Structure formats: C-alpha cells, structure tokens
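To start, the structure under review is shown below, and the notes come after it.
Number of protein chains: 2
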Amino acid sequence: MVRLVDIAKRANTSVTTVSIVLGNRPYNVMISDATRQAVLQAAQELGYAPDMAARRLRHHGSDHRTIVLAIAHPIDGRLSLISRIVAGAQRQLHAMREEVQASIGVIQLIVETYELGQLQQLRGLIEPYWFNGLLITNTSPEDDEYVEGLTPSVPIVLFQRETRHSSVTTDGEHVGRLATQHLVDLGHRRIGLIYPDAASQAQEQRIRGYHNVLQQAGLPLGPEVVALGRNWAEGAYMAMQRVLSSIASERPTAVFTTNDLLAIGAMRAIRDWGLRIPEHIAVVGCDDAEFAAYHDPPLTTVHLPIEDMAARATLMLLDMIRQRARVPMQESFPVHLVIRRSSGPPNGAEEPTL
Amino acid sequence: MVRLVDIAKRANTSVTTVSIVLGNRPYNVMISDATRQAVLQAAQELGYAPDMAARRLRHHGSDHRTIVLAIAHPIDGRLSLISRIVAGAQRQLHAMREEVQASIGVIQLIVETYELGQLQQLRGLIEPYWFNGLLITNTSPEDDEYVEGLTPSVPIVLFQRETRHSSVTTDGEHVGRLATQHLVDLGHRRIGLIYPDAASQAQEQRIRGYHNVLQQAGLPLGPEVVALGRNWAEGAYMAMQRVLSSIASERPTAVFTTNDLLAIGAMRAIRDWGLRIPEHIAVVGCDDAEFAAYHDPPLTTVHLPIEDMAARATLMLLDMIRQRARVPMQESFPVHLVIRRSSGPPNGAEEPTL
DNA sequence: AACCACTACTAAAACCTTTTAGTGCACTGT
DNA sequence: ACAGTGCACTAAAAGGTTTTAGTAGTGGTT
Chain C
9 MVRLVDIAKR ANTSVTTVSI VLGNRPYNVM ISDATRQAVL QAAQELGYAP
59 DMAARRLRHH GSDHRTIVLA IAHPIDGRLS LISRIVAGAQ RQLHAMREEV
109 QASIGVIQLI VETYELGQLQ QLRGLIEPYW FNGLLITNTS PEDDEYVEGL
159 TPSVPIVLFQ RETRHSSVTT DGEHVGRLAT QHLVDLGHRR IGLIYPDAAS
209 QAQEQRIRGY HNVLQQAGLP LGPEVVALGR NWAEGAYMAM QRVLSSIASE
259 RPTAVFTTND LLAIGAMRAI RDWGLRIPEH IAVVGCDDAE FAAYHDPPLT
309 TVHLPIEDMA ARATLMLLDM IRQRARVPMQ ESFPVHLVIR RSSGPPNGAE
359 EPTL
Chain A
9 MVRLVDIAKR ANTSVTTVSI VLGNRPYNVM ISDATRQAVL QAAQELGYAP
59 DMAARRLRHH GSDHRTIVLA IAHPIDGRLS LISRIVAGAQ RQLHAMREEV
109 QASIGVIQLI VETYELGQLQ QLRGLIEPYW FNGLLITNTS PEDDEYVEGL
159 TPSVPIVLFQ RETRHSSVTT DGEHVGRLAT QHLVDLGHRR IGLIYPDAAS
209 QAQEQRIRGY HNVLQQAGLP LGPEVVALGR NWAEGAYMAM QRVLSSIASE
259 RPTAVFTTND LLAIGAMRAI RDWGLRIPEH IAVVGCDDAE FAAYHDPPLT
309 TVHLPIEDMA ARATLMLLDM IRQRARVPMQ ESFPVHLVIR RSSGPPNGAE
359 EPTL
C-alpha cells in the first residue's frame with residue numbers, strides 16, 4: 009500500500025505538502041509549481057490511492073463522497089424499482105462528475121429487514137459515519153415512527169414518502185385519480201381494485217384517489233382484492249381469479265392495480281379465464297415499468313418519472329452534503345397517464361385498433 | 009459520538025478492556041464477569057456504535073464484514089438482473105446471520121463505467137481497503153484483461169464469467185443449445201437470432217450454442233440481427249422489424265433471443281406486424297425473468313438459477329473472507345428449459361392449447 | 001537596523017480502534 | 001521465603017490522513 013509518506017520521500021518533501029497537493033486544498037498555504045509537479049509525478053508513478061478509512065477517521069466523513077441507497081423491504085416486486093432509481097442517481101452523479109470528483113458512482117446499501125420489518129438497523133449504519141448521504145426507499149408505514157425520529161448525522165432523502173426530512177414524491181392521490189378517471193371516462197361503471205398486502209404510502213394514496221373518483225362519479229366501489237405474498241404478479245394472478253369467479257353480473261368491467269407488476273399478473277389471469285383485454289375487462293396500472301409498453305396488450309399506466317426523481321434526490325443530497333442547502337426539501341413530481349391498448353370502453357363497444 | 013474511552017470512564021476501566029469486551033475477542037486475556045457486565049451496560053446506556061473508519065484503519069478491513077457487488081455496465085436492461093442477484097445474496101447472508109454477525113446485509117456498489125467502458129475504477133475501490141469481498145457482474149469482454157490482472161487484497165467472485173478468480177456461471181453454450189434444439193425439435197428449419205450489441209461472455213456462449221445446434225442439424229444459419237442501444241426491448245423491437253421486412257420466403261419461423269427482455273421486444277414487433285406467436289413465429293428467450301411467465305403468450309425460456317448462484321457466490325466470499333477456503337472456486341449451475349406458449353411448431357401446424 | 005509581509009514549506013497533534021507486551025496481585029508448591 | 005503460575009487488567013504504539021500553528025528565508029519599507 010502506497011502512503012503519503014512514500015510519495016513525500018520520493019518527491020523529497022513532507023507529508024503535509026503531499027496531502028495538500030493531492031487533495032488540492034487551498035488553505036492559506038502555497039506550493040510552488042516545481043514541488044507540485046514532483047508530488048504529482050511521484051504519486052502517479054507509485055500508483056497512489058488514498059486510504060478512505062484514514063481519511064474518514066480524520067474528519068468524520070465530511071469529505072468522503074458516498075451516498076447510500078437503503079432499501080427498506082427488499083420484496084421481489086419492489087426490487088425492480090431499484091434499477092430505475094439507481095439509473096437516475098447515476099445519471100446525476102455522472103453529470104456532476106467534475107464537481108463532486110466522484111470516481112465512485114453510487115453506493116447502495118441494502119438493509120435487510122425481513123424479520124424486523126423495521127429500519128432499526130439503520131441506526132447501526134448512521135452512527136458509525138459510514139457515508140455522507142442517505143437515500144431511503146421502500147419504507148413501509150410501520151417504519152414511519154422510526155424514520156421520523158431519526159436525527160441523522162448525514163442528510164437523508166426519502167423516496168416516495170412524505171417526511172420531515174427531505175423527500176421526492178409524486179401525488180399518489182392524483183395518480184389514483186388519473187387512472188380511475190380514465191376508466192370512468194371510457195364508460196366503465198364497475199371498476200375493481202387490486203393492491204398488495206403490504207401497501208406503501210404511495211400505494212395507499214393511489215387507493216384513496218381511486219375511492220375519490222368513484223365517489224364523485226357516484227359509482228359503486230368495485231371489488232377490492234388484495235394480492236398476497238412477495239411475488240406481486242403471482243399475488244395479483246390469484247387475486248384476479250377470485251374476482252373472476254364472482255357471478256358475472258358483479259364482475260367489474262375494468263380493474264385498477266396499484267402498480268404494473270400487479271397489472272400483468274391480473275392480465276394473465278383474465279386471459280387464462282378466456283376473456284379478452286380490454287374488451288371484457290380493461291386494466292390500468294401505475295409506474296410505467298419497462299415492460300409495460302411491450303406487454304400484450306401494451307399496458308395503460310400512469311407514468312412516474314422515477315429516474316428524474318432519483319436524480320433530483322441525489323442532487324438534494326449532494327447540495328446538503330456540500331452545505332449549499334440546509335433545510336429539508338420536499339419535491340413533488342408531475343405524472344401523466346399513458347394510454348395504451350389494455351384500456352378501452354366496456355363491453356367491447358369499440359374494438360381497439362391494432 | 010460515543011467512543012470507547014467514554015465507556016471506559018463510565019465503567020471505571022480501561023479502553024483496552026472495553027475493546028476486548030465489546031469485540032468479544034479471546035486473545036490471551038481474561039475479563040471478569042463483573043467488569044464485562046459493567047462495560048456492556050455502559051455501552052448500552054451510552055448507545056455505543058463502533059467507528060468503522062477507525063476499526064478499518066487499524067487492520068485494513070480484515071474484520072469489517074462488507075461485501076460489495078460491483079456492476080460493471082449498468083445498462084438499463086442489465087439492471088433488472090440486479091434484483092435477483094441481490095435477493096440471492098441477501099438470502100445467504102440472512103441464513104448465516106448468526107455466524108457472520110452481519111447486522112448489515114449486502115452493500116452493493118455500482119461502479120459507473122459509462123465512458124471508460126472498463127472496470128478501471130475498481131482499482132480505486134480495491135486499494136483503499138473499502139470492503140472485504142467483491143462480487144462482480146456485468147463485465148464486458150473488454151474488461152477481461154483488467155479483471156484477470158487484478159491481484160486483489162480481498163476475495164473476488166465473478167458472476168457469469170470464467171476467470172482465474174472465483175466464479176459462479178452457467179454453461180452458456182448449453183443454454184443456447186437447449187433453446188435452439190427445442191425449436192429444431194418442433195420442426196423449425198429457419199431459426200433467427202437476436203442478440204445485443206454489447207454481448208456479455210454468457211451471451212456469446214449462447215450464440216455459439218445456437219450455431220452448434222444449427223450446424224449439427226444441417227440447418228441454414230437464420231438471420232442474425234443485433235439489437236442496438238441500451239434499451240434491449242426497444243433494440244430488439246427494431247431488430248425484429250428488420251427481420252420481418254425481409255421477403256416472406258426468407259423469414260424465419262422462429263427466433264432465439266439471448267435474453268428475455270430482447271424476447272418481449274421482438275414479440276411486440278411480431279404482433280405489431282400482424283403476425284401471431286407462435287403460429288407464425290415462435291420465440292424463445294433466456295433467463296426466465298420475472299415477467300416471462302406472465303407475458304402474453306407466456307415466454308418459453310431457459311431458466312437460470314440466478315438467486316442460487318448469487319447465494320453461492322456470497323457463501324464463497326464469506327468462506328474466503330473467513331479463511332475457510334483459500335483457492336479460487338469455480339461453480340457451474342444447472343439450467344433447464346421452461347416450455348411455455350411462445351414456442352410451437354412452425355406454420356401453425358398445431359394450434360396451441362389455451 | 002528594525003520591522004513587516006510574503007512565500008514555501010513542515011512538525012506534530014488529532015481522529016478511534018486494536019493488539020502487543022506488559023504489570024501487579026494472589027495463590028501454590030517447595 | 002521464594003520461584004512459579006494463573007488471573008485480571010492496562011499502557012502505549014500503530015494505522016494514514018488532515019489541519020493547525022509554526023519556521024525559515026527573502027525582499028521591501030520606514
């Protein structure tokens with residue numbers, strides 16, 4: 009391992025000088041060009057890499073650029089969201105790579121909370137000054153109390169959860185309303201709902217939005233079934249089967265699912281039952297996952313700018329880390345309905361164009 | 009921040025004693041039960057959390073239990089693989105949580121290598137003794153030289169790449185043969201191929217397997233088209249359009265894609281062209297991604313035990329970290345064909361059962 | 001000649017933990 | 001009485017970096 013002292017020896021100077029040159033810190037200290045070059049060259053030749061442990065020990069993480077993404081409940085279905093969050097965070101870091109000198113992109117940390125169902129372990133992460141910023145996603149309602157009580161030593165941004173810390177969110181009620189209103193506008197009068205057993209805050213909001221629209225339209229609350237288990241698609245498949253086995257007159261002509269994975273599970277069930285989408289039952293999801301546009305039929309869904317949100321969350325963290333921002337920030341992102349072929353008017357009144 | 013010395017004061021003892029008690033290290037040192045209890049209680053009361061930086065500075069990471077998952081080329085499509093790898097790694101850590109005392113699950117680190125296209129940044133990660141084990145995935149052929157040249161200070165396991173380090177792999181040629189042979193057995197005589205522009209080692213192997221089968225069967229090499237860009241589904245969609253626009257007599261009756269995301273892109277193109285799957289064109293993928301079973305038609309694909317592989321890789325790392333194993337280990341995992349409805353005999357000779 | 005300002009550089013402390021090499025004490029056996 | 005043994009505990013050094021407070025040397029003003 010190459011240390012500062014090794015470079016100092018080779019460049020015939022002191023450890024202090026080397027540290028200043030390599031960390032290109034200003035201080036009130038001047039270094040001649042000759043010395044600077046000598047140090048730089050020696051470092052290059054020896055292949056110096058700073059010891060992060062020592063650096064962080066010195067000043068409790070304040071200089072070390074590391075952002076952690078904590079995923080509270082790594083349930084299968086939710087993991088697919090990670091991809092987009094990571095992509096967004098990376099995009100931001102990439103764009104600012106000069107500024108933040110981030111040779112390292114994102115560090116994401118998975119906190120395993122299967123048995124506890126709580127984020128308690130975070131304490132063990134935050135205290136030891138491991139990192140400089142924390143992006144938390146997938147928190148469940150039970151985590152709320154704990155998360156709110158945190159007085160972290162580093163800035164925190166929550167993904168899709170309102171909090172007294174910073175957050176990036178979408179208006180979940182609006183999402184639910186957009187999807188449901190779309191179905192109402194198409195003429196549906198019995199609109200069912202499929203949601204997962206461990207609903208996140210965002211999903212609860214979507215359900216409220218769904219209820220709002222139905223009440224305002226004076227429509228009956230359609231069957232609401234819960235998708236059980238960790239595998240959302242499978243849970244929704246079985247949930248939809250329960251819906252389908254009810255008597256035909258009570259069967260909804262459309263279902264709203266609180267995310268896209270649930271939607272494809274439900275769609276599979278509908279097809280396996282021998283019914284057509286959207287002619288017999290229309291389906292609308294949320295999230296606009298990667299596969300939504302390629303599914304058959306392509307899924308009507310509410311598009312969430314997940315990557316943009318993650319990029320913004322990362323920027324928030326960076327700003328807070330760099331003291332540019334001090335107060336918690338909340339930002340809500342716009343969403344929009346993407347109409348594809350899984351939704352259409354009831355009773356196949358109008359055949360969808362291929 | 010609570011330090012060892014704070015606990016020592018409160019418990020009326022020395023820093024050394026506290027360190028020994030809290031780290032429950034044996035040494036050749038004995039601690040009376042009274043002292044031990046006093047220390048434990050003081051630590052509890054003060055809410056002690058060890059400073060990882062100091063700990064690691066002391067002995068270059070050897071005690072600190074952290075495994076890093078490095079994803080070399082975080083292209084959109086490949087990110088979806090992460091979910092399953094993370095899930096597998098977590099399962100293993102969870103199963104061994106007593107043994108490894110891992111309050112922290114997995115730390116996964118995304119190395120951003122967009123512009124370099126190389127894993128060079130890993131150097132900046134390995135040298136500073138950040139962690140104790142490294143699980144690398146998504147390396148591209150260009151990374152080979154660098155990865156092979158690594159003489160890491162920590163154990164390394166590669167995912168889906170043969171190497172002089174340890175690895176967990178599947179037999180890519182076998183994967184390609186399974187899929188292609190299935191199509192040949194169904195009676196297809198023109199079998200096309202869709203593969204991504206930045207093919208991984210595993211994917212190249214699958215392509216070889218495909219070639220093998222066609223040659224052995226004396227069949228012509230079908231059209232081989234490359235899916236361009238980071239979005240595999242989209243790339244495959246356009247690639248498939250190119251295939252479809254060739255004259256009908258040269259059009260394949262089946263296509264093999266080197267992963268499932270490519271498959272759904274191709275399927276979308278086939279349907280949009282007004283053709284049916286599998287009657288006009290059969291499709292077979294690889295990976296058995298989550299959505300494969302729920303797609304319409306459900307996708308025939310080669311199932312890879314990704315989670316098991318990740319769990320095994322994690323166990324390998326743990327064993328190497330704990331010195332139970334010293335030599336590199338290679339392990340190849342069995343795969344199997346999952347026949348669903350996207351594949352069938354050519355010319356719709358036999359209608360698939362719904 | 002005394003003082004100041006400025007440049008270029010450095011010694012040493014601090015950050016917190018782990019581990020080696022002890023110390024002091026109470027017994028035991030001769 | 002004295003070496004030997006085992007127990008319970010501790011002082012101090014080490015690990016690599018950053019940063020404060022300082023030194024030495026030079027040139028320029030009063």
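Residue numbers (my numbering), protein chains in the order written: chain C, 9 to 362; chain A, 9 to 362. Glycine residues also receive a C-beta, built at the ideal position from the N, C-alpha and C atoms. Remember, predicted model here, so these are calculated numbers, not experimental data.
Helix, strand or coil for C/D205? Go by DSSP, reduced to three states. Of the three classes helix, strand and coil, the one that applies to C/D205 here is coil, per DSSP.
Would A/S340 pass as a contact of A/D179 if the rule is Cβ separation under 8 Å? In this structure, A/D179 lies closer than 8 Å to A/S340 by Cβ.
Just to confirm the assignment, what range does the beta strand (DSSP E) spanning C/T145 have? Note, C/T145: beta strand (DSSP E), 141-145.
Residues near A/L325 by beta carbon distance below 6 Å, same chain, minus five either side: Around A/L325, the same chain offers I75, G141, P163, V165 as residues with beta carbons nearer than 6 Å, after the five sequence neighbours per side are excluded.
Should C/Y35 go down as buried or exposed, given a rule of 16 or more other Cβ atoms within 10 Å for buried? Taking all protein chains in view, the Cβ of C/Y35 is surrounded by fewer than 16 other Cβ atoms within 10 Å, so the residue is classified as exposed.
In the DSSP output, which residue or residues are listed as bridge partners for C/G200? According to DSSP, which records beta bridges pairwise, C/G200 is partnered with C/V263.
Buried or exposed for C/P342, please, with buried defined as at least 16 other CB atoms from any protein chain shown within 10 angstroms of its CB. When all chains shown are included, C/P342 counts as exposed.
Spatial neighbours of A/A210 within its chain, please: CB distance less than 6 Å, with the 5 preceding and 5 following residues excluded, ordered by chain position. Answer for A/A210: Q168, G180, listed in chain order.
Note down, in chain order, every chain A residue with its Cβ under 7 Å from the Cβ of C/R64. By Cβ distance, chain A contributes A61.
Hey, which unbroken runs of the beta strand (DSSP E) at 3 residues or more fall wholly within the region 322-348 of chain A? Within the region 322-348 of chain A, the complete beta strand (DSSP E) segments at least 3 residues long are 338-341, 344-346, listed from N- to C-terminus.
Taking only beta carbons into account, state which residues of the region 298-312 of chain C come closer than 9 Å to chain A, listed in chain order. For the region 298-312 of chain C, residues whose beta-carbon sits nearer than 9 Å to a beta-carbon of chain A comprise E298, F299, A301, Y302, H303, D304, P305, P306.
Let me know the secondary structure DSSP gives A/D3 once reduced to three states. Any question about residue 3 of chain A goes unanswered here, given that chain A covers just 9 to 362.
Beta carbon proximity, C/V272 to chain A, threshold 8 Å: In the sequence on display, residue 272 of chain C carries Ile and not Val. Closer than 8 Å: yes.
Of all the options C/E298, C/G96, C/W240, C/P286, which has the alpha carbon lying nearest to the alpha carbon of C/P353? Of the candidates C/E298, C/G96, C/W240, C/P286, the one whose C-alpha sits nearest the C-alpha of C/P353 is C/P286.
In chain order, what residues of the same chain have a beta carbon less than 7 Å from the beta carbon of C/W281, not counting five sequence neighbours either side? Only L252 meet the Cβ criterion.
At a Cβ cut of 7 Å, what residues of the region 234-265 of chain C count as close to chain A, listed as they run along the chain? Per Cβ criterion, the list reads A241.
If the cut-off is 8 Å on Cβ atoms, which residues from the region 315-344 of chain C count as contacting chain A, listed in chain order? Hits within the stretch: zero.
Could you spell out where the alpha helix (DSSP H) holding A/S254 opens and where it closes? No alpha helix (DSSP H) holds A/S254; DSSP gives it neither H nor E.
Verify whether the separation of the beta carbon atoms of A/A57 and C/A61 is less than 8 Å. No.
Can you list the residues of chain C that A/D279 reaches, using a CB-CB cut of under 7 Å? The sequence shown places Arg at residue 279 of chain A, not Asp. Below the 7 Å Cβ cutoff, chain C contributes D304 as neighbours of A/R279, in chain order.
Is DSSP giving A/G293 helix, strand or coil here? DSSP places A/G293 in strand when its eight states are reduced to three.
My assumption, with CB atoms under 8 Å, is that A/S254 sits in contact with A/P231. Please give the rounded CB distance. Yes, A/S254 and A/P231 are in contact; Cβ-Cβ is about 7 Å, under 8 Å.
Taking buried to mean at least 16 other C-beta atoms within 10 Å of its own C-beta, is A/A42 buried or exposed? Classification of A/A42: exposed, given that the 10 Å Cβ count is below 16.
Is C/R18 close to chain A? Criterion is C-beta to C-beta, closer than 8 Å. Contact with chain A is absent for C/R18, since none of that chain's Cβ atoms lies less than 8 Å from the residue's Cβ.
Residue(s) in a DSSP beta bridge with A/S175: Answer is A/L166, A/Q338, bridged to A/S175.
Judging by CA-CA distance, which residue of A/Q189, A/S27, A/G157 is the nearest neighbour of A/G217? Cα-wise, what sits closest to A/G217 is A/Q189.
A/G243 burial status per 10 Å Cβ neighbour count (16 or more: buried): Classified as buried, A/G243 has 16 or more neighbouring CB atoms from the shown chains inside 10 Å of its CB.
Close Cβ partners of A/N20 (< 8 Å) along its chain, the five nearest in sequence each way excluded: Counting only Cβ-Cβ distances below 8 Å, and skipping sequence neighbours, we find A46.
Could you tell me whether any Cβ in chain C is nearer than 8 Å to the Cβ of A/R197? Residue contact with chain C for A/R197: absent (no Cβ-Cβ distance below 8 Å to any residue of chain C).
In the structure shown, what three-state DSSP assignment does A/A110 receive? Confidence at A/A110 is low in this model, with a pLDDT of 40, below 50, so its placement is unreliable and no value can be given for it.
Under the three-state reduction of DSSP, which class applies to C/A57: helix, strand or coil? The answer is coil: DSSP assigns C/A57 none of H, G, I, E or B.
Does the distance from the CB of C/A207 to the CB of C/C294 come in under 8 Å? One thing to note: C/A207 has its Cβ no nearer than 8 Å to the Cβ of C/C294.
Chain C contacts from the region 35-58 of chain A (Cβ-Cβ distance under 7 Å): Under the 7 Å Cβ criterion, the region 35-58 of chain A contributes A57, P58.
Could you have a look at A/T25 and say whether DSSP puts it in helix, strand or coil? Reduced to three states, the DSSP call for A/T25 is helix.
Any C-beta of chain C sitting closer than 8 Å to the C-beta of A/L127? At A/L127 the pLDDT is 46, less than 50, meaning the model places this residue with poor confidence; the figure from the coordinates comes in the next sentence. Answer no: the Cβ-Cβ gap between A/L127 and chain C never drops below 8 Å.
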